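Here's the structure we're looking at; comments come further down.
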Amino acid sequence: MRVLAAVSAAALLGLAACGDANVSNSPGDVVAGESTTCEYPPAGNPAKTVDPPPTSGVPTTGEVTATISLTAGDVTVTMDRAKAPCTVNSFVSLAEQGYFDDTACHRLTDYGIFVLQCGDPSATGRGGPGYTYADELDAIKDLRREAYPTGTVAMANAGPDTNGSQFFLVYADSQLDPDYTVFGTMDQAGIDVVGGIAAQGVDAGDGISPIAEAKITSVALG
Numbered sequence: 027m028r029v030l031a032a033v034s035a036a037a038l039l040g041l042a043a044c045g046d047a048n049v050s051n052s053p054g055d056v057v058a059g060e061s062t063t064c065e066y067p068p069a070g071n072p073a074k075t076v077d078p079p080p081t082s083g084v085p086t087t088g089e090v091t092a093t094i095s096l097t098a099g100d101v102t103v104t105m106d107r108a109k110a111p112c113t114v115n116s117f118v119s120l121a122e123q124g125y126f127d128d129t130a131c132h133r134l135t136d137y138g139i140f141v142l143q144c145g146d147p148s149a150t151g152r153g154g155p156g157y158t159y160a161d162e163l164d165a166i167k168d169l170r171r172e173a174y175p176t177g178t179v180a181m182a183n184a185g186p187d188t189n190g191s192q193f194f195l196v197y198a199d200s201q202l203d204p205d206y207t208v209f210g211t212m213d214q215a216g217i218d219v220v221g222g223i224a225a226q227g228v229d230a231g232d233g234i235s236p237i238a239e240a241k242i243t244s245v246a247l248g
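Given below as structure tokens:
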């Protein structure tokens with residue numbers, strides 16, 4: 027696919043392991059010697075006005091929890107800073123600025139791959155935050171093809187190093203080339219929420235949008 031513009035129903039779309047099960051830092055906490063620098067170069071007009079994330083002192087250890095409140099229920103995501111520090115940094119920044127609030131998850135696939143795609147305030151599949159950043163694929167870079175298991179949360183993109191704000195929630199095991207940065211996992215209750223949306227099918231009119239309402243009302247960190 028290129029999931030950013032479209033999650034292709036043809037053949038496209040591992041679990042992010044916990045960085046340190048004993049460390050759970052709040053957003054913004056930085057442990058001395060355990061940080062990195064990220065780059066977020068400008069790219070196009072933002073779908074919703076936000077500031078770019080901080081680029082220095084980005085934590086590389088611990089976890090961040092985000093509760094994505096959908097109209098259908100809450101999806102709790104545990105994000106792993108060790109596996110994808112720049113991705114988690116961006117997601118946290120966008121969530122803190124309310125970027126995801128009152129936005130529709132615009133694309134559902136229920137054949138071949140099983141994902142709900144969110145994170146575009148324009149709901150067109152082309153919207154982003156006005157910046158991009160590099161893929162973080164170290165965990166899967168040696169694989170030609172990788173299963174993205176149930177519960178995976180990963181970034182959508184339009185090609186290498188074009189990450190922005192769009193992400194996808196995997197509600198059933200899906201086979202995809204390992205080109206999409208995995209940065210978190212959903213809890214079982216969240217998987218059930220997304221699965222319930224998917225169970226109502228895809229709109230026959232456009233073959234893309236979910237029939238069920240799939241709107242993010244807010245994203246809370248903590």
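Its first residue numbered 27, the sequence shown is counted upward by one per residue in this note's numbering.
Note that CB positions come from ideal geometry on N, CA and C, so glycine has one too.
All values reported here derive from a predicted model rather than from experimental measurement.
- Runs of alpha helix (DSSP H) with 4 or more residues, each lying fully within the region 76-126, are found at 111-122, listed in chain order.
- For V245, the enclosing beta strand (DSSP E) covers residues 241-247.
- No residue range can be given for Q192, since it is assigned to no beta strand (DSSP E) and is classified by DSSP as neither H nor E.
- Burial of P204 is indicated by the presence of at least 16 other C-beta atoms within 10 angstroms of its C-beta.
- G156 and T129 have their C-alpha atoms some 17 Å from each other.
- Taking the Cα of S244 as reference, the smallest distance to any Cα among P147, P85, P111 is reached at P147.
- With fewer than 16 other beta carbons inside 10 angstroms of its own, D199 counts as exposed.
- As the crow flies, the alpha-carbon of G153 is around 17 Å from that of A240.
- The beta carbon of P186 lies closer than 7 Å to those of D161 in the same chain, with the five residues before and after it left out.
- Closest in C-alpha terms to L163, from the list A225, I139, R107, V84, comes R107.
- Annotated as proximal: I234 and L134, with beta-carbon spacing under 9 Å.
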